[in-house]
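Residue numbers (my numbering), protein chains in the order written: chain A, 6 to 210; chain B, 500 to 783.
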């Protein structure tokens, strides 16, 4: 076979793929989708209080914007920060439309990250912890919640978060610190309860 | 962790992830206690942070519905209906060397194929054989001029001696060339003089040789045959328009063109014709 294929699309950077997308390359778009669809879907799930239908709509809307207007992306900047900026703005607009906080509180009571009823004891602890965590996060304002989500769930750097949220790095650091402090206050009693229950179970055995 | 000149809240996060409170340097403890109330709070926050990281890292996450991807790909194809451009972009990928690009390889393959087709024996021979046939036909004079089955053309050369006495000057060189080229000597008796003793051959210069020549053995070479035939053509053409006067005799000279197989007979005929001509010349 004389013909050798060119550089695989999966080895190209996000910025290179976006340049190909702007040149109407479907394969490049597919790679971009495979890289970011799941991350953005879970981000929307957490930011939109586990609303699956709305999260899927947001994912589809976001990638449709990329299809129709790929020129909106500036190749000089990072695609990762750009796409999360778009997602963040979409969530902000959604918060402005509805009072999500009241719905979020109710949703957290009825939805959990793990709905498997056959969980072991440890998994149940984790499930309970996440529920409590989500409940505690719902009490925070959107900026702190978004910062926490981008930092610990999406694992973005302080610099990237500052670009996405259009604020200084110091502001990002402060938000994270005070979020941890708030969570500590809210979950301290939960930790204590878990430790007590565990101690009791050990003694009975 | 070495102490740093500047501490900021981010360092508290990294300190919590990597060190317990008793592992902190004095400078780090001082910094932590500036932002937190006590060691217990530090340890409590540290456990929460570790739990959060552990919880999020083990979380597999959810996949969006597959129909979203199919809908998006359809949307992409309908909104970007430039099939030729996409196809060309895939050929002219810019991130790879020029010689590795698909377009270069395809063009090279086409070029090699065309070159092979042009230089192939069948292609070459088909053209050449056609030309060679044409060339052969053009050179094969006997085939065109003398069909094998056709009877040899005959031309009669009538020398009308009743008219002018002048023999065109072109005849003499032809006859002399025929004689010299064939190295022939006349064997028959050639009348040296006409009845009136004069011979007006129309030539200037010396009178032709007498006929009292010894017997001559006919010698003919293979190359002389062709020149003889050509000369005979010329002679027939010239003689057909030539008139001789005061010729002792009027002879009709039959020049029979023969094919290659009867070339010897032609030479004999030529000999007789030359003898006749010589008689004419000597008579004048």
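Virtual Cβ for every residue (Gly too), placed ideally from N, Cα, C. This structure is a prediction, so every number in the text was calculated from the model and none was measured.
| Check | Outcome |
| --- | --- |
| Euclidean distance between Cα positions of residue 683(B) and residue 781(B) | Low confidence applies to residue 683(B): its pLDDT is 46, below 50, so where it sits in the model is not reliable, and the reading given next is rough at best. Answer to the nearest angstrom: the Cα atoms are 17 Å apart. |
| Close beta carbons around residue 541(B), own chain, < 6 Å, minus the five adjacent residues each side | 520, 531, 535 |
| Unbroken alpha helix (DSSP H) run spanning residue 566(B), endpoints | 565 to 578 |
| Burial state of residue 598(B), where buried means 16 or more other Cβ atoms lie within 10 Å | exposed |
| Neighbour-count burial assignment, residue 565(B), 16 or more Cβ in a 10 Å radius | exposed |
| Stretch-stretch touch, CB-based, cutoff 8 Å, three pairs: the stretch 58 to 76 of chain A with the stretch 25 to 40 of chain A | yes |
| Sub-7 Å separation of residue 567(B) and residue 32(A) beta-carbons | no |
| Spatial distance of residue 16(A) from residue 138(A) (CA atoms) | 37 Å |
| Buried or exposed by the 16-neighbour rule on C-beta atoms within 10 Å, applied to residue 98(A) | exposed |
| Length of the line joining the Cα atoms of residue 619(B) and residue 612(B) | 10 Å |
| Per-residue DSSP class, three states only, for residue 662(B) | With a pLDDT of 48 at residue 662(B), under the threshold of 50, the modelled position of this residue cannot be trusted, and the question is left open. |
| Beta carbon proximity, residue 99(A) to chain B, threshold 7 Å | no |
| Chain A contact residues for residue 560(B), given Cβ-Cβ distances below 7 Å | 43, 47 |
| Neighbouring residues, chain A, relative to residue 563(B) (Cβ below 8 Å) | 42, 43, 46, 60, 61, 64 |
| Cβ contact check for the stretch 33 to 45 of chain A and the stretch 131 to 150 of chain A: 3 or more pairs under 8 Å | no |
| Beta carbon proximity, residue 530(B) to chain D, threshold 7 Å | Absence of chain D from the displayed structure is noted, the protein chains being A and B. |
| Closer than 7 Å to chain A by CB, residue 597(B) | no |
| Interface flag, residue 551(B) vs chain A, CB-CB below 7 Å | yes |
| Near-chain B residues of the stretch 134 to 162 of chain A (beta-carbon distance less than 8 Å), N- to C-terminal order | 134, 135, 138, 157, 158 |
| Reference residue 181(A); option with closest CA among 192(A), 157(A), 80(A) | 157(A) |
| Alpha carbon of residue 87(A) to alpha carbon of residue 571(B), nearest angstrom | 20 Å |
| Given residue 50(A) as reference, the closest of 80(A), 34(A), 159(A) once Cα atoms are compared | 159(A) |
| Helix, strand or coil at residue 558(B) [DSSP, three-state] | coil |
| Alpha-carbon spacing of residue 546(B) relative to residue 102(A), whole angstroms | 37 Å |
| Per-residue burial, residue 562(B) [other beta carbons within 10 Å of its own, 16 or more giving buried] | exposed |
| Exposure of residue 553(B), with buried meaning 16 or more beta-carbon neighbours within 10 Å | exposed |
| Helix, strand or coil at residue 24(A) according to DSSP, with G and I counted as helix | helix |
| Residues that residue 131(A) contacts on chain B, provided the C-beta gap is smaller than 8 Å | 554, 557 |
| Of the residues 189(A), 58(A), 48(A), 89(A), the one placed nearest residue 560(B), counting alpha carbons only | 48(A) |
| Alpha-carbon spacing of residue 71(A) relative to residue 62(A), whole angstroms | 14 Å |
| Cβ-based contacts, 9 Å cut-off: residues of the stretch 11 to 33 of chain A near chain B | 11, 12, 17, 21, 25, 26, 28, 29, 30, 31, 32 |
| Chain A residues whose Cβ lies nearer than 7 Å to that of residue 574(B) | 69, 72 |
| Whether residue 91(A) touches residue 53(A) by CB criterion (7 Å) | no |
| Alpha carbon of residue 539(B) to alpha carbon of residue 512(B), nearest angstrom | 15 Å |
| Nearest-angstrom Cα separation, counted from residue 617(B) out to residue 657(B) | For residue 657(B), the predicted structure reports a pLDDT of 48, less than 50, and the residue's modelled location is therefore unreliable. A value from the coordinates is still provided. The straight-line gap from Cα to Cα measures roughly 59 Å. |
| Span separating the alpha-carbon of residue 57(A) from that of residue 602(B) | 45 Å |
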